[in-house]
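If you read the sequence shown in UniProt numbering, its first letter stands for residue 1, the second for the next number, and so on.
Ideal placement from N, C-alpha and C gives every residue a C-beta, glycine not left out.
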Amino acid sequence: MSAASGGAGRKGPFMQPDGGRNGAGAPGARPAGGSARKGTAGKPARSGAAGTRAAESAREAALDILVRVEQQGAYSNLLLNSSLQKTALSREDAGLATELVYGSISRLLTLDYVLDGFVSKGIAKLQPWVRNLLRLSLYQIMYLDRIPSHAAVNEAVNIAKKRGHQGISGMVNGVLRSVLRAGELPVLPENLSPEQRISILHSHPLWMVKQWAAEYGLDAAEAMCAANNEPPAASVRVNLTMISREALLEQMLEAGLAASPSLVSPYGIVVKGGGNLALTSWYRDGYLSVQDESSMLVAEAVAPEPGMRVLDCCAAPGGKSAHMGELMKDEGYIYANDLHPHKARLIADQAQRLGLECIAIGSTDALRLAQTFEPESFDRILLDAPCSGLGVIRRKPDLKWRKQPEDVASVAALQAELLQSVSRLLKPGGILVYSTCTTEQAENSSVIAEFLGNNPGFTSATFTSPVWQRVEGTALAAGEGLQLLPQHYGSDGFYISRLQRLL
Numbered sequence: 001m002s003a004a005s006g007g008a009g010r011k012g013p014f015m016q017p018d019g020g021r022n023g024a025g026a027p028g029a030r031p032a033g034g035s036a037r038k039g040t041a042g043k044p045a046r047s048g049a050a051g052t053r054a055a056e057s058a059r060e061a062a063l064d065i066l067v068r069v070e071q072q073g074a075y076s077n078l079l080l081n082s083s084l085q086k087t088a089l090s091r092e093d094a095g096l097a098t099e100l101v102y103g104s105i106s107r108l109l110t111l112d113y114v115l116d117g118f119v120s121k122g123i124a125k126l127q128p129w130v131r132n133l134l135r136l137s138l139y140q141i142m143y144l145d146r147i148p149s150h151a152a153v154n155e156a157v158n159i160a161k162k163r164g165h166q167g168i169s170g171m172v173n174g175v176l177r178s179v180l181r182a183g184e185l186p187v188l189p190e191n192l193s194p195e196q197r198i199s200i201l202h203s204h205p206l207w208m209v210k211q212w213a214a215e216y217g218l219d220a221a222e223a224m225c226a227a228n229n230e231p232p233a234a235s236v237r238v239n240l241t242m243i244s245r246e247a248l249l250e251q252m253l254e255a256g257l258a259a260s261p262s263l264v265s266p267y268g269i270v271v272k273g274g275g276n277l278a279l280t281s282w283y284r285d286g287y288l289s290v291q292d293e294s295s296m297l298v299a300e301a302v303a304p305e306p307g308m309r310v311l312d313c314c315a316a317p318g319g320k321s322a323h324m325g326e327l328m329k330d331e332g333y334i335y336a337n338d339l340h341p342h343k344a345r346l347i348a349d350q351a352q353r354l355g356l357e358c359i360a361i362g363s364t365d366a367l368r369l370a371q372t373f374e375p376e377s378f379d380r381i382l383l384d385a386p387c388s389g390l391g392v393i394r395r396k397p398d399l400k401w402r403k404q405p406e407d408v409a410s411v412a413a414l415q416a417e418l419l420q421s422v423s424r425l426l427k428p429g430g431i432l433v434y435s436t437c438t439t440e441q442a443e444n445s446s447v448i449a450e451f452l453g454n455n456p457g458f459t460s461a462t463f464t465s466p467v468w469q470r471v472e473g474t475a476l477a478a479g480e481g482l483q484l485l486p487q488h489y490g491s492d493g494f495y496i497s498r499l500q501r502l503l
């Protein structure tokens, strides 16, 4: 790509069209944690670098996955899971392969911009495996502290020799060694617009940068892009019906975990470097659930009480339904619905693991719920609406390259239709919470403004005092709702609005 383009809207590697009604992109998450990062090419590496022979298989596994993602439009998380299960990689090497895949995808635009300056015909003309080998090698040089730059180059050359002819290995060697000699990268021309600079430096499509700059300002847009490139922290929601947050936090610290209380939710704990917490006895015994901090605010905003009738319209995988069941002390009725039967089964698994009997599970189109239940039959309704998912790019970097501006408009129309439909089921005086994991105003405050304009029988409801007090001064008051951006707390971008039906 040219420097002036800033990667604007191009349909190239990894930018496959996205299908699916819910518009949520890749159906999985980037694992928490990650390697220590570099800021520039040629920066001295830390001690304790991984052995090059042990890491080679990790690089080759990552290369195979990246090629399939690019060529087949496959989801990186699904390929990683299946590929790593078939290999004999150690835990450390599997971690490196994971970092190389997610990092190379997340930093794709920056990597391609730099490489285009060193590949005479441009990287688009290269074979897919060569192009992706250069990407993952440059990613190590520019962003990973624990990998010495010379090791990244040597292993790239070894892989090139195994998979191609001498000319290819020579080209790979020449390009990467030229990168090392160049020093700090990327070097940007002075005639770029601020949005183009952010796009290239932080590896985001230009249309996203322009959209966020228009909605939140240029500084906030750059902070969003920077935050989206950082690996997500691991956070868990404590089941307060079984154990206090303080008691579980103490157990984690005694087990040697770097755990701290969430600043966003009184139910949350943030854990750094703790591995997969879903494999622990705490998870198995129902003491905790894996959930992002921002997402934990949703059930608190619904504020269900024991004995209430609650509808969760788009409930899978069940975290918010389970949280509401815990807040209700398992007394009352929650109907947790999802369009897809296999996802509805995930809700059942959550309820069983947590010992929640108040959750009934159904599988139908949320637009049909108004025909399933009597009007004005629920005290609380949660519509965690299908959305573009642009608040969770840290976990699903594929989203940056799969989404297009028209996707936002399409899903916003569905959101408005869903909100209008399920609102009929709310009792007078009841609370309806609308939430999304996106930062797009067209899917958030605009949907709510349109709904309130068309429904004089509803009004905006204030947030419960503890929620607002915790995030006031950090989160944004977005129309009739609350908007968290990824840079606010290092959690997902999330929108929450509370609506009340007038008596």
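Asked	Found
What did DSSP end up calling residue 283 once you bin it into helix, strand or coil?	helix
How would you label residue 81, buried or exposed, when you count the other beta carbons within 10 angstroms and need 16 or more for buried?	exposed
Within 10 angstroms of the Cβ of residue 469, are there 16 or more other Cβ atoms? Answer buried if so, exposed if not.	exposed
Looking at the structure shown, is residue 400 part of a helix, part of a strand, or coil, going by DSSP?	helix
Let me make sure I understand the geometry here. Which of 265, 263 and 274 has the alpha-carbon closest to that of residue 253?	274
By the three-class DSSP mapping on this structure, what secondary structure does residue 146 have?	coil
For a quick check, are the C-beta atoms of residue 415 and residue 447 less than 7 Å apart?	yes
Taking C-alpha atoms, which residue in 490, 214, 77 and 327 lies nearest to residue 271?	490
Leaving out five residues on either side along the sequence, give the residues of the same chain with a beta carbon under 8 Å from the beta carbon of residue 194.	213 and 218
How long is the line joining the alpha carbons of residue 288 and residue 258, rounded to whole angstroms?	16 Å
Decide if the segment 130-144 is in contact with the segment 422-437; the criterion is three or more beta carbon pairs, one per stretch, under 8 Å apart.	no
Checking the sheet assignment: what are the DSSP bridge partners for residue 237?	268 and 289
Excluding sequence positions up to five away, which residues of its chain have a Cβ less than 6 Å from the Cβ of residue 226?	202
Can you tell me where the alpha helix (DSSP H) holding residue 263 begins and where it ends?	Careful: residue 263 lies outside any alpha helix (DSSP H) and carries neither H nor E.
Excluding the 5 residues preceding and the 5 following residue 262 in the sequence, name in chain order all residues of the same chain whose CB lies nearer than 7 Å to its CB.	235, 268, 269, 270 and 293
Quick check for students: name the residue ranges of the alpha helix (DSSP H) that lie wholly in the segment 370-444, counting only runs of 4 or more.	398-402 and 405-422
With residue 418 and residue 367 assumed to form a contact (beta carbons below 8 Å), what rounded beta-carbon distance in angstroms separates them?	6 Å
Do residue 160 and residue 175 have their C-beta atoms within less than 7 Å of each other?	no
Strictly by DSSP, which residues pair up with residue 173?	Bridge partners of residue 173: none, in fact.
Which residues mark the beginning and the end of the alpha helix (DSSP H) in which residue 81 is found?	76-86
Under a Cβ-count criterion, where at least 16 other Cβ atoms within 10 Å of its own Cβ denotes burial, should residue 264 be classed as buried or exposed?	buried
Determine the closest residue to residue 69 out of 492, 398 and 474, with distance taken between C-alpha atoms.	398
Count the other CB atoms, across all protein chains shown, that sit within 10 Å of the CB of residue 390; report buried if there are 16 or more and exposed otherwise.	buried
Could you tell me the alpha carbon to alpha carbon distance between residue 374 and residue 425, rounded to whole angstroms?	7 Å
Determine the contact status of residue 326 and residue 241, defining contact as a CB-CB distance below 7 Å.	yes
Considering only their Cβ atoms, is the gap separating residue 228 from residue 486 smaller than 7 Å?	yes
Report the partner residues of residue 337 according to the DSSP bridge assignment.	362
With a Cβ-Cβ cutoff of 7 Å, do residue 312 and residue 351 count as a contact?	no
In angstroms, rounded to a whole number, what distance separates the CA positions of residue 400 and residue 169?	31 Å
Identify whether residue 312 lies in helix, strand or coil by the three-state DSSP scheme.	strand
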